[in-house]
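Participant: Could you have a look at this structure, given as structure tokens, before my questions?
There are 2 protein chains.
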Amino acid sequence: MFDQILAARERLAGHAHHTPVMTSHTLNERVGAEVFLKCENFQRMGAFKFRGAYNAISQLPDKQRARGIITYSSGNHAQAVALVCQLFGVPATIVMPDNAPATKRAATEGYGATVVAYNPSEQDRKALAEQLAAEHGYTIIPPYDHVDVVAGQGTAAAELHEDVPGLDMLLTPCGGGGLLSGSAIASKGMRPDCKVIGVEPEVADDATRSFRTKQLVTIHNPPTIADGTRTPSLGEITFPLVLEYVDDMQTVSEQAIIEAVRFLFYRMKLVVEPSGALGVAALLSGAVPASGRVGVILSGGNMDAATVTTILNG
Amino acid sequence: MFDQILAARERLAGHAHHTPVMTSHTLNERVGAEVFLKCENFQRMGAFKFRGAYNAISQLPDKQRARGIITYSSGNHAQAVALVCQLFGVPATIVMPDNAPATKRAATEGYGATVVAYNPSEQDRKALAEQLAAEHGYTIIPPYDHVDVVAGQGTAAAELHEDVPGLDMLLTPCGGGGLLSGSAIASKGMRPDCKVIGVEPEVADDATRSFRTKQLVTIHNPPTIADGTRTPSLGEITFPLVLEYVDDMQTVSEQAIIEAVRFLFYRMKLVVEPSGALGVAALLSGAVPASGRVGVILSGGNMDAATVTTILNG
């Protein structure tokens, strides 16, 4: 798999941003380590998801891609697929729950995608996408359980290891496990001594429990503010990769996530969404004791006014 | 004066951050120019003010500095003086109105300064600072009307010209004129073809009117959300510098400022305070028609929850 990450890097060059790494004296003092924040909130469309979507869609044969792409997501993967399709000039269809926030729907449509709403209590999103794909000849690009998506997501950690040699630890948020498994594979390929730790909200700890018990645990609609981690479970592809390559998993409280978003906002002037702040939450709360050189992937910065207001005033 | 900016650069090396320059495809497309944003929101204590305060305080003889520094400000200059004094291990006293927001007072005290509150309807802040300085042997470092402060503020534009050669235009917020005059002097020294434009809120257009009429105009407590530009007028030192070195002044509406803060927040994931977003407001609103290569100084990112909430939900 590491070779596929290296190939993805070449494919993404000039298309994805090589995002900057930020540091903070205050953060280093607070946690007693040298912390390096990989700013995927500055990635195109505001999150690492662009990497996986671009890596997968750019590899499709021209004819197949021209028939269109479909996916199911109300979050950053939807915007990523929409933007990549816009860049290639091919149609994108996004299956989204009819109760998704209007801002998310508008952002996806802003990149030129067609949104198909479904009733989540009556319909299965994956089945609906498969039906539409069969009818129209679309290719499905799932949000995380796809080898090319995982390889694309791994390029963020690869860039970080290149820019910051000698990391002792890398903290990565975990939703469906695409970013986490890609980051772990990149780390083992480039810096085998770097311990890779996935971070989840306490109330959405399906991957942590799956990692510990080696049995896939599913949690539907966990009540976390970190909406990028509300995926019910790891995938068929990502679960074995997480078991093989990831060193540990840790969880953080909702309050720790909120405090991390606030710290990044007030002290570092960075807009980072709750899911993106999980690594910093683990460090600031002490859930992960830090030492040496610690990398953290800030996975995204897409956050609506209601979420910001809740976090800053809560 | 340009030599003093070059000397300030050497003095600040290793103490102030050499802040990054950010760009945005979306912003370039919206305004029809190549825009380069100098991120002084990432400067120490969150604003360019650190540069001027450090440049002034570091030049004082040790004995004089050890007796202590005093200034009058409720904004970023207060925090800058407090932090610089903390770095030198000397006492800082900040004269602040007794109705200043608790968060600003707390931030200043967080850097170890002593805050002296006064009643703005009964007392003059400058007179009070002078009285305390005389009593205790403090040195006054005013917020903008001081040659070493102006030279320090000019180092941000100097870095930008070094990092981004060939700028055709530079937009800079204008409050008391320290940043604007320093930026203009740096620009004329390094890139004489670059047109330097100061930007003010429409409702706080004292400097624009002073620039046009060549008579110093004063506006007390203008009702702008851009609190860094609520200074009543240019200073005795900055007014002639602005007249000599600045090419033009423009104003923007409160709505344009709010939209610029939102754009920087949602599209670029940057926390920029209203005063810091004036240049982007001028570009996005069309107040300054852009072409070629345009530099913009994002002067700071210190914003409390109430301001953010108003801007994002307003």
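Quick mapping for you: the protein sequence lines, in order, are chains S and Z. Each residue of the first sequence is one higher than the last, beginning at 1 in the numbering used here. Each residue of the second sequence is one higher than the last, beginning at 1001 in the numbering used here. C-beta atoms are modelled at their ideal positions from N, C-alpha and C, and glycine is treated no differently. It should be emphasised that the depicted structure is a prediction, and the values quoted were computed from it without experimental measurement.
Measure from the alpha carbon of residue 1085(Z) to the alpha carbon of each residue in 1056(Z), 1032(Z), 1074(Z), 1103(Z), then state which is nearest.
Facilitator: It is 1056(Z).
Participant: Flag this pair as yes or no: are the beta carbons of residue 1195(Z) and residue 1234(Z) separated by less than 9 angstroms?
Facilitator: No, the pair does not count as a contact, with Cβ atoms beyond the cut-off.
Participant: Going along the chain, which unbroken runs of the beta strand (DSSP E) with 3 or more residues stay wholly within the stretch 21 to 104 of chain S?
Facilitator: Runs of the beta strand (DSSP E) inside the stretch 21 to 104 of chain S: 34 to 39, 69 to 72, 92 to 97.
Participant: Can you list, in chain order, the residues of its chain whose CB lies under 8 angstroms from that of residue 120(S), leaving out five sequence neighbours each side?
Facilitator: Same-chain partners within the cutoff: 97, 98, 99.
Participant: Note down, one range per segment and in chain order, each beta strand (DSSP E) of at least 3 residues found wholly within the stretch 1225 to 1300 of chain Z.
Facilitator: If we require 3 residues or more, the beta strand (DSSP E) runs fully inside the stretch 1225 to 1300 of chain Z come out as 1248 to 1252, 1293 to 1298.
Participant: For chain Z, check one thing: does any of its Cβ atoms lie closer than 9 angstroms to the Cβ of residue 115(S)?
Facilitator: So, not an interface residue.
Participant: Would you kindly report the start and end of the unbroken alpha helix (DSSP H) that includes residue 127(S)?
Facilitator: 125 to 136 is the span of the alpha helix (DSSP H), which, as asked, contains residue 127(S).
Participant: Give a yes or no on contact between the stretch 1281 to 1300 of chain Z and the stretch 290 to 302 of chain S, applying the rule of three or more CB pairs nearer than 8 angstroms.
Facilitator: These segments do not touch.
Participant: Could you name the residues of the stretch 261 to 275 of chain S whose beta carbon sits closer than 7 angstroms to any beta carbon of chain Z, in the order they occur along the chain?
Facilitator: Result list: 265, 269, 270, 271.
Participant: Would you call the CB atoms of residue 145(S) and residue 178(S) closer than 9 angstroms?
Facilitator: Closer than 9 angstroms, so yes.
Participant: So for residue 13(S), helix, strand or coil by DSSP?
Facilitator: Three-state DSSP puts residue 13(S) in coil, outside helix and strand.
Participant: Residue 309(S) CB to nearest chain Z CB: under 9 angstroms?
Facilitator: Yes, contact with chain Z.
Participant: What is the DSSP secondary structure of residue 195(S), counted as helix, strand or coil?
Facilitator: Residue 195(S): strand per DSSP, three-state reduction.
Participant: Quick check: the stretch 121 to 134 of chain S against the stretch 101 to 110 of chain S, are there 3 or more CB pairs under 8 angstroms?
Facilitator: Judged by Cβ distances under 8 angstroms, the stretch 121 to 134 of chain S makes no contact with the stretch 101 to 110 of chain S, as fewer than three pairs qualify.
Participant: Mind pulling the chain S residues with CB within less than 7 angstroms of residue 1020(Z)?
Facilitator: Within chain S, the residues near residue 1020(Z) are 20.
Participant: For chain S, is any of its Cβ atoms less than 9 angstroms away from the one on residue 1099(Z)?
Facilitator: No, no contact with chain S.
Participant: Using a Cβ-Cβ distance under 9 angstroms, would residue 1313(Z) count as near chain S?
Facilitator: Yes, because at least one Cβ of chain S sits closer than 9 angstroms to the Cβ of residue 1313(Z).
Participant: At a CB-CB cut-off below 9 angstroms, which residues of chain Z make contact with residue 327(S)?
Facilitator: No statement about residue 327(S) is possible, as the shown extent of chain S runs from 1 to 314 and does not include it.
Participant: Three or more C-beta pairs closer than 8 angstroms, one from the stretch 1205 to 1225 of chain Z and one from the stretch 1008 to 1026 of chain Z: is that the case here?
Facilitator: Judged by Cβ distances under 8 angstroms, the stretch 1205 to 1225 of chain Z makes no contact with the stretch 1008 to 1026 of chain Z, as fewer than three pairs qualify.
Participant: Is there contact between the stretch 75 to 85 of chain S and the stretch 41 to 48 of chain S, where contact requires at least three CB pairs shorter than 8 angstroms?
Facilitator: Judged by Cβ distances under 8 angstroms, the stretch 75 to 85 of chain S makes contact with the stretch 41 to 48 of chain S, as three or more pairs qualify.
Participant: Name, please, each residue of chain Z whose Cβ falls closer than 7 angstroms to the Cβ of residue 46(S).
Facilitator: Those are 1269, listed as they occur along chain Z.
Participant: Can you pull the chain Z neighbours of residue 301(S), defined as C-beta to C-beta under 7 angstroms?
Facilitator: Chain Z residues near residue 301(S): 1269.
Participant: Taking contact to mean at least 3 C-beta pairs separated by less than 8 angstroms, is the stretch 63 to 73 of chain S in contact with the stretch 28 to 38 of chain S?
Facilitator: The answer is no - the stretch 28 to 38 of chain S does not touch the stretch 63 to 73 of chain S, with fewer than three Cβ pairs under 8 angstroms.
Participant: Given residue 1091(Z), which residues of its chain have a CB within under 6 angstroms of its CB, disregarding the five upstream and five downstream residues?
Facilitator: Excluding sequence neighbours, residue 1091(Z) sits near 1068.
Participant: Let me know if residue 142(S) comes out buried or exposed under the rule of 16 or more other beta-carbons within 10 Å of its beta-carbon.
Facilitator: The residue in question, residue 142(S), is buried, as its Cβ has 16 or more Cβ neighbours within 10 Å.
Participant: Helix, strand or coil for residue 1200(Z)? Go by DSSP, reduced to three states.
Facilitator: Residue state, collapsed to three classes: strand.
Participant: In the DSSP assignment, what are the bridge partners of residue 1115(Z)?
Facilitator: DSSP, once it has assigned bridges, lists 1094(Z) as partnering residue 1115(Z).
Participant: Report the option in 268(S), 248(S), 223(S), 246(S) whose CA atom is closest to the CA atom of residue 255(S).
Facilitator: The option with the nearest alpha carbon to residue 255(S) is 223(S).
Participant: Are the C-beta of residue 305(S) and some C-beta of chain Z separated by less than 9 angstroms?
Facilitator: For residue 305(S), the answer is yes, since a Cβ of chain Z falls inside 9 angstroms of its Cβ.
Participant: For residue 1149(Z), which of 1187(Z), 1001(Z), 1018(Z), 1124(Z) has the nearest alpha-carbon?
Facilitator: Residue 1149(Z) has its Cα closest to that of 1001(Z), out of 1187(Z), 1001(Z), 1018(Z), 1124(Z).
Participant: Tell me the DSSP secondary structure of residue 312(S) in three-state form.
Facilitator: If DSSP states are grouped into helix, strand and coil, residue 312(S) belongs with the helices.
Participant: Taking the beta carbon of residue 1279(Z) as the centre, do at least 16 other beta carbons fall within 10 Å, making it buried, or is it exposed?
Facilitator: Classification for residue 1279(Z): buried.
Participant: For residue 1013(Z) and residue 268(S), I'd like the C-alpha separation in whole angstroms.
Facilitator: Residue 1013(Z) and residue 268(S): Cα-Cα distance of roughly 20 angstroms.
Participant: So, residue 1040(Z) versus residue 1276(Z), is the Cβ gap smaller than 9 angstroms?
Facilitator: A contact, by the Cβ cut-off of 9 angstroms.
Participant: With residue 1251(Z) and residue 1287(Z) assumed to form a contact (beta carbons below 8 angstroms), what rounded beta-carbon distance in angstroms separates them?
Facilitator: Right, their Cβ atoms sit about 7 angstroms apart.
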